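Each residue of the sequence shown is one higher than the one before, counting from 2 in my numbering. Notes follow the structure.
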Amino acid sequence: MATLKEVRKRISSVKSTQKITRAMKMVSAAKLRRAQDNIVAARPFAAGLQEIVAQIAANAGPEPHPFMVKRPVRNPVIVVLTSDRGLCGGFNSNACRTAQRSIADGVATKSIDGYRLTIVGRKGRDYFSRRSLEISSTFAGVTNQTAGDRAHEIALAVSAQFLDGTVDGVHLVYNEFRSAVSQQIVTEQLLPIEAAHIQDDENPPADFACEPGMTEILTTLLPQYLQSRIHRALLESIASEFGARMTAMENATKNAKDMIERLSLAYNRARQAAITKELMEIVSGAEALKG
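Right, here's the structure in full:
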């Protein structure tokens with residue numbers, strides 16, 4: 002049985018941990034608000050660009066750009082968005098397991114011959130390295146300030162591999178932000194870009210002509226559209242990370258409170274037992290002297 006000194010030391014240790022988890026929760030909540038604002042600010046541009054690309058692609062004919070050329074996906078690139086830091090619940094592990102399961106299913110069904118992993122974030126790199134899965138490229142984790150530059154780098158890397166025929170498709174795995182307590186794993190196909198995926202059924206394509214030509218315009222717009230999709234996914238991932246960390250730290254703070262209460266109860270019981278034992282010894286000694 003633990004001594005009173007050991008229990009006091011344990012209570013002090015848990016209280017220190019509780020202060021840290023409470024502070025991390027408050028920091029994550031503040032960062033989450035800014036991340037949500039960035040998502041809201043980015044959505045109008047992404048939606049407008051998607052509408053323009055959908056209208057032009059619908060009138061440009063089949064496969065008007067190399068990014069829209071369909072071929073059997075035998076060697077895909079899987080881009081996995083994770084973070085550099087942990088203590089955020091299942092945020093990183095869920096994304097990594099989804100990508101790993103996708104690879105395993107493709108290999109088992111022989112639907113893919115090979116794969117390339119592009120990892121964003123140190124946690125994802127460590128996860129796949131420990132499992133001896135081949136990683137073709139890695140990128141450091143992103144912040145709200147670096148998301149745009151990182152999206153540009155990733156878009157250039159994967160589009161170059163797709164255009165030179167090294168890979169047949171590009172898929173993105175990330176946490177989509179739903180709320181502070183809810184994130185959903187999403188797997189999206191980035192390349193080839195399919196017109197059916199970007200068209201809006203409520204706004205059918207209009208019949209129009211443009212200069213210098215639809216193919217030339219798509220050559221300019223599609224790389225920006227690809228980068229915009231990656232940028233939005235990065236912002237979703239950032240917000241999801243803060244939401245997951247805030248929830249995890251809130252649960253940790255509550256668990257620390259419960260543990261402190263249990264330890265305090267155990268301490269008081271042990272202290273009471275020690276006092277009772279001393280009183281019994283005193284009374285027994287007094288009775289022995291009377292006899």
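Heads up, the beta-carbon is just placed ideally off N, CA and C, and yes, glycines get one too. In this text, all values refer to a predicted model and were calculated from it rather than measured experimentally.
Specify the secondary structure class of residue i as computed by DSSP and reduced to three states.
i	result
N76	coil
Q185	strand
R44	helix
N60	helix
S295	Residue 295 lies beyond the residue range present for the chain, which begins at 2 and ends at 292; the question has no answer from this structure.
Could you check whether residue j and residue i sit closer than 8 Å to each other, using their CB atoms as the reference points?
i	j	result
T83	C97	yes
A47	S229	yes
Y116	P77	yes
M27	I194	no
In the DSSP assignment, find the alpha helix (DSSP H) that holds residue i and state where it starts and stops.
i	result
E288	215 to 291
F68	Looking at the DSSP string, F68 is not in any alpha helix (DSSP H), and its letter there is neither H nor E.
I194	I194 -> no alpha helix (DSSP H), and no H or E assigned at all.
T144	Premise fails: T144 is in no alpha helix (DSSP H) and is neither H nor E.
I104	92 to 109
Roughly how many whole angstroms lie between the Cα atoms of residue i and residue j?
i	j	result
I12	D114	55 Å
P65	V143	33 Å
S265	S138	51 Å
A58	Q225	14 Å
K258	R23	11 Å
K124	N95	12 Å
F163	L192	8 Å
V121	A249	22 Å
Y128	R233	24 Å
N176	G91	10 Å
Residue range of the beta strand (DSSP E) that residue i falls in?
i	result
S137	136 to 140
P166	Just to set this straight, residue 166 is Gly in the shown sequence, not Pro. Per DSSP, G166 belongs to no beta strand (DSSP E) and is neither H nor E.
R117	117 to 121
Open item on the list: Counting beta carbon pairs with one atom in the region 161 to 178 and one in the region 93 to 108, are three or more of them shorter than 8 Å?
Closed with: yes
Open item on the list: When you compare the region 182 to 198 with the region 266 to 284, are there three or more beta-carbon pairs, one atom per stretch, that lie closer than 8 Å?
Closed with: no
TODO: Specify whether the region 241 to 253 and the region 28 to 42 touch according to this definition: at least 3 beta carbon pairs, one from each stretch, less than 8 Å apart.
DONE: yes
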